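Residue numbers (UniProt numbering): 1 to 207.
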């Protein structure tokens with residue numbers, strides 16, 4: 001199951017980055033390391049199987065340079081392949097960006113979904129943020145219960161490590177509370193503006 005989740009996260013990350021601009025494989029690797037490295041371990045060995053699968057599925061395409069078929073040219077050509085999103089790839093990306101189930105707010109996938117929030121519908125963003133907060137609140141209860149049970153039986157360094165973990169989760173919950181508050185305020189403002197615009201529109205006579 002973890003492998004499937006990881007593959008889904010990588011698919012979203014690759015499609016999302018290629019939606020921003022076409023990229024060489026090396027550039028894509030660097031961008032993925034920056035994007036995924038903040039949230040999870042990224043394996044370079046998993047990228048090219050993912051690209052191959054996306055190519056086979058018609059979600060991305062290769063732009064290959066025209067060069068002579070010498071051994072050196074073939075090696076150079078592979079390094080210059082540019083990956084681009086296809087129309088089907090754009091459609092698949094939009095589908096992935098509407099998903100707001102548990103996979104989108106668990107540790108494995110939350111960071112990548114969050115990285116593409118600017119391309120995600122407001123209602124989906126809010127569901128993901130609220131799901132993430134609920135998951136962390138469950139984690140807080142578990143960590144606090146564990147601390148209460150073991151506080152008297154662990155050494156000071158272990159206790160400091162446990163407290164550090166607790167504080168990290170508490171900080172993320174506060175951050176999520178702020179984000180959720182802003183999202184709700186923006187959605188309410190947009191709803192009021194839309195309602196006011198509809199009220200200000202002149203009604204046609206006889207209708």
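The C-beta atom is built at its ideal place from N, Cα and C for all residues, glycine as well.
Note that the structure is predicted; figures quoted are calculated from it, not measured.
Coarse secondary structure for residue i, derived from DSSP in three states
i: residue 59; result: coil
i: residue 207; result: In this prediction, residue 207 has a pLDDT of 48, which is less than 50 and means its spatial position is unreliable; nothing more can be read from the coordinates.
i: residue 20; result: helix
i: residue 99; result: coil
Alpha carbon of residue i to alpha carbon of residue j, nearest angstrom
i: residue 82; j: residue 22; result: 6 Å
i: residue 124; j: residue 154; result: 42 Å
i: residue 102; j: residue 196; result: 36 Å
i: residue 172; j: residue 95; result: 27 Å
i: residue 105; j: residue 84; result: 28 Å
i: residue 176; j: residue 92; result: 28 Å
i: residue 56; j: residue 179; result: 38 Å
i: residue 26; j: residue 32; result: 10 Å
i: residue 120; j: residue 46; result: 26 Å
i: residue 89; j: residue 60; result: 6 Å
i: residue 138; j: residue 36; result: 24 Å
i: residue 162; j: residue 147; result: 7 Å
i: residue 166; j: residue 143; result: 7 Å
i: residue 97; j: residue 63; result: 26 Å
i: residue 20; j: residue 135; result: 30 Å
i: residue 164; j: residue 113; result: 26 Å
Host beta strand (DSSP E) of residue i (start-end)
i: residue 84; result: 82-85
Opening and closing residue of the alpha helix (DSSP H) in which residue i lies
i: residue 104; result: 102-105
i: residue 134; result: 122-150
**Asked** Between the region 87-107 and the region 119-133, are three or more C-beta pairs nearer than 8 Å?
**Response** yes
**Asked** Should the region 179-194 be regarded as contacting the region 136-152, the criterion being three or more beta carbon pairs within less than 8 Å?
**Response** no
**Every unbroken beta strand (DSSP E) within the region 149-193, with a cutoff of 3 residues, ordered by chain** = none
**Asked** Between the region 9-18 and the region 49-61, do at least 3 Cβ pairs fall closer than 8 Å?
**Response** yes
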